[in-house]
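This report concerns only the one structure given below.
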Amino acid sequence: MIETQKFAKLLTQRFDFFTGVPDSLLKSLCAYFTTNLSKDKHIIAANEGNAVALAAGHFLASGKRGAPAVVYMQNSGMGNALNPLISLNDPKVYSIPVLLLIGWRGEPNIKDEPQHIKQGEITRNLLECVGLEYDVLSDDFDAAVLQVENAYKYLLNKNAPYALVIRKNAFDDYKKPLIADISEIIREQAIEKIVENAKEAVFVSTTGMISRELFEIREKNKQSHKQDFLTVGSMGHSSSIALGIALEKKDRKIICLDGDGAALMHLGAMAIIADRQPKNFVHIVLNNAAHDSVGGQPTPAFGANLFKIARAAGYKTAVRISNIEELDKIGEYLNSESPIFIEILVKKGSRKDLGRPNQSPAECKINFMENLKL
Ligand SMILES: Cc1ncc(C[n+]2csc(CCOP(=O)(O)OP(=O)(O)O)c2C)c(N)n1
C-alpha cells in the first residue's frame, strides 16, 4: 500500500492541474487534492469527458512547452472519456498529453459488483485498442516513483495521453475534508416518504446508495421489487431511462430518483425531458452536494439551483425541499402538474449496515418488465 500523501506530493511536483470524477478506489487521493489544492488547480468535473477537456484547456494555456494535467476516474468513466481522448488528445488529432489515473473496479479475480465485471475485464484491452500506453501502478512506493517519472517523460516526448491503472487498496486512508451538510434530512427517510406517497408508481433509481436504500426500504416494507429499476451502473442516465419508459407507459406514473452528481453528469437530459413534456413524469434529485457513494467529494449542485434549471428548461412544476416540514408536503408535489422536478436537500452519509441488492440485474430487468406489461 502506498502512502497517499507521499504519492500526491510526488504528483504535485510534476503536475500543476488536477481534475476528475471521484472513485472509491481513488478517494484518498481525491481527498488530498480537495484539501490541499486551490480551486483553480483541482476541479471535480461533471463527467470524465468534461475532465479530459478541462485538462486539454489547461495544456493549451500552459505556454510553449506545455504542461500536461492529471485526470482521475473510475474505469466506469472510460466511456465518457474516450470521445475527447480519441478525437481531441490523440496524436492523429491535436496530440495533447494527459496523465490518466484509472481506478480498476472489477479487476479479474477480485470480487466486485455486477456492473463492474465487464469494465474490469476490458480495462486494459480498451486502453490497448485506442493505442493508449499504460502501466498498472505498483503498490511499492519506490517502484511507483519510477512509474510516474516514466509516464511524465512519455507525456513530454510523445505528446500523447498515458494511463496509470490503479488497483483496489493501492492507497492508505487520507482524512476526508470536512464539508458541511446542506440539510438535516436523512436521504433514506426522504426516499421512504416518497415511496409511502407513491404506492403505484414505477421507480427508476440512480447509481450508488440511492438504489441500495430503495431496495432496503422495499425489503423492510415487505414489498416486491418489481416496480423498481435500479440503475446500478450507467451513472447519469436514470432520468433518460425513466423518460423512455414514461413515453411508452402513459398510464403509469414514473418516478426517477436521481443523485446530484448523477444529474450533473448528464445535465442535458433535463432539457430533453422538458422538451417532451411527459404528463406522468417525476424527477427527484436527492441533493447532498456530494458524490456520497464514493467518498463524499463535493459537487457544485447546491449553488447550481437545479430546481431553477428545471423550471427554466420547462418542467411544469419545479420545487426545492430543504426541511422536514416541507418534506411532509411531498404527496402534494407528487400530484402537481407534470413534468415535475423535486429537489430534496439531504444530509450526506448512510446507514452503516446498509445492505446491497441480493437480486441480479437480470432478475431486476425481467421482473420490472413483467410488471410494466400489466
Ligand atoms: C461514469 C461513472 N463515473 C463514476 C462513477 C463512480 N460513482 C459511482 S456512484 C458515484 C457518486 C454519485 O453521486 P450522486 O449522484 O450525487 O449520488 P450520492 O452518491 O451522493 O447519493 C460515482 C462518482 C460511476 N459509477 N460511473
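Quick note: to get the numbering used here, add 1 to the position in the sequence shown (first position is 1). The C-beta atom is built at its ideal place from N, Cα and C for all residues, glycine as well.
If you scan the stretch 60-125 from start to end, which runs of the alpha helix (DSSP H) of 4 or more residues do you find wholly inside it? 79-85
- Task: Kindly indicate which residue of V203, K176, T207 and R125 has the alpha-carbon position closest to the one of I167.
- Result: R125
Review point. Around the Cβ of A319, are there at least 16 other Cβ atoms within 10 angstroms (buried) or fewer (exposed)?
Key: Result: buried.
Exercise. Is Q228 helix, strand or coil by DSSP?
Worked result: coil
query: Between the C-alpha atoms of K330 and D113, what's the straight-line distance to the nearest angstrom?
result: 39 Å
Q) Can the beta-carbon of P115 be found less than 8 Å from the beta-carbon of N160? A) Remark: C-beta atoms of P115 and N160 do not approach each other more closely than 8 Å.
Proximity of T20 and A57 at Cβ, strictly below 8 Å = no
Worksheet item: Under 8 Å, do Y135 and A164 count as touching if we go by C-beta distance?
Response: yes
Quiz prompt | Any 3 or more C-beta pairs closer than 8 Å across the stretch 331-345 and the stretch 273-288 | solution = Yes, they touch.
Can you look up T36 in the DSSP assignment and give me helix, strand or coil? helix
Check your understanding: Taking C-alpha atoms, which residue in N81, V295 and N170 lies nearest to T5?
Key -> N170
Could you spell out the range, first to last residue, of the beta strand (DSSP E) harbouring R321? T318 to I322
Whether A191 touches L328 by CB criterion (8 Å):
Taking 8 Å as the Cβ cut-off, A191 and L328 qualify as a contacting pair.
Item checked: Selected residue, minimal CA-CA separation from M370, among M79, S184, I341 and V205 -> Nearest in C-alpha terms to M370, of all of M79, S184, I341 and V205, is V205.
Could you check whether the stretch 308-323 touches the stretch 232-250, counting it as contact only if at least three pairs of C-beta atoms, one from each stretch, sit closer than 8 Å? no
By DSSP, does Q360 sit in helix, in strand, or in coil? Look at Q360 here: in three-state DSSP terms it is coil, with no helix or strand label.
* Asked: Across which residues does DSSP place E134 in a beta bridge pair?
  -> Y163
Item to check | Of the listed residues A152, H267, N281 and K177, nearest to A199 (C-alpha basis) | outcome: Ranking the options by Cα distance to A199, first place goes to N281.
TODO: May I ask whether a heavy atom of ligand 1 can be found less than 7 Å away from the beta carbon of V53?
DONE: The answer is no for V53.
**Prompt:** Got a sec: does ligand 1 put a non-hydrogen atom nearer than 7 Å to the Cβ of I211?
**Reply:** yes
* Whole-number beta carbon distance between G245 and T208, since they are thought to touch under 8 Å -> About 17 Å separates the beta carbons of T208 and G245, which is beyond the 8 Å limit, so they are not a contact pair.
query = Taking all protein chains shown into account, do 16 or more other C-beta atoms lie within 10 angstroms of the C-beta of R188, making it buried, or fewer, making it exposed?
reply = buried
Cβ distance (whole Å) where Y95 is taken to contact L101 below 8 Å = About 16 Å separates the two Cβ atoms, so there is no contact after all.
Put L375 into one of helix, strand or coil per three-state DSSP.
-> coil
Nearest-angstrom Cα distance between E49 and N81? 5 Å
Can V72 be considered in contact with ligand 1, in the sense that its beta carbon sits closer than 7 Å to one or more heavy atoms? no
*Regarding K91 and ligand 1, is the C-beta to nearest heavy atom distance less than 7 Å?*
According to the sequence shown, residue 91 is Asp rather than Lys. Checking every heavy atom of ligand 1 against the Cβ of D91, none is found closer than 7 Å.
Legend entry - Local conformation of N288 per DSSP, three classes: strand
#### Entry: Rounded straight-line distance, which links the Cα of Q148 to that of M223
Per the sequence shown, residue 223 should be read as Lys rather than Met. Those two C-alpha atoms are separated by around 52 Å.
_So, at 8 Å on beta carbons, what are the nonlocal neighbours of I273 in its own chain, with the 5 sequence-adjacent residues on each side left out?_
S241 and L244
Distance, I183 Cα to L38 Cα:
Counting only the Cα atoms, I183 lies some 23 Å from L38.
| request: Spell out the partners DSSP gives T20 in its beta bridges. | output: I44 and V72
**Message:** Considering only the alpha carbon of each residue, which of Y175, P178, Q228 and D173 lies closest to V196?
**Reply:** Q228
Is H292 near ligand 3, judged by its Cβ being under 7 Å from some heavy atom? Because ligand 3 does not appear in the structure shown, any question about it cannot be addressed here, the ligands present being ligand 1.
Check your understanding: Is T300 near ligand 1, with its Cβ less than 7 Å from a heavy atom?
Key -> Yes, the Cβ of T300 comes within 7 Å of a heavy atom of ligand 1.
What are the residues that DSSP puts in a beta bridge with E204? It is worth fixing the name first, because residue 204 is Phe in this sequence and not Glu. DSSP output for F204 lists D229 and I256 as bridge partner(s).
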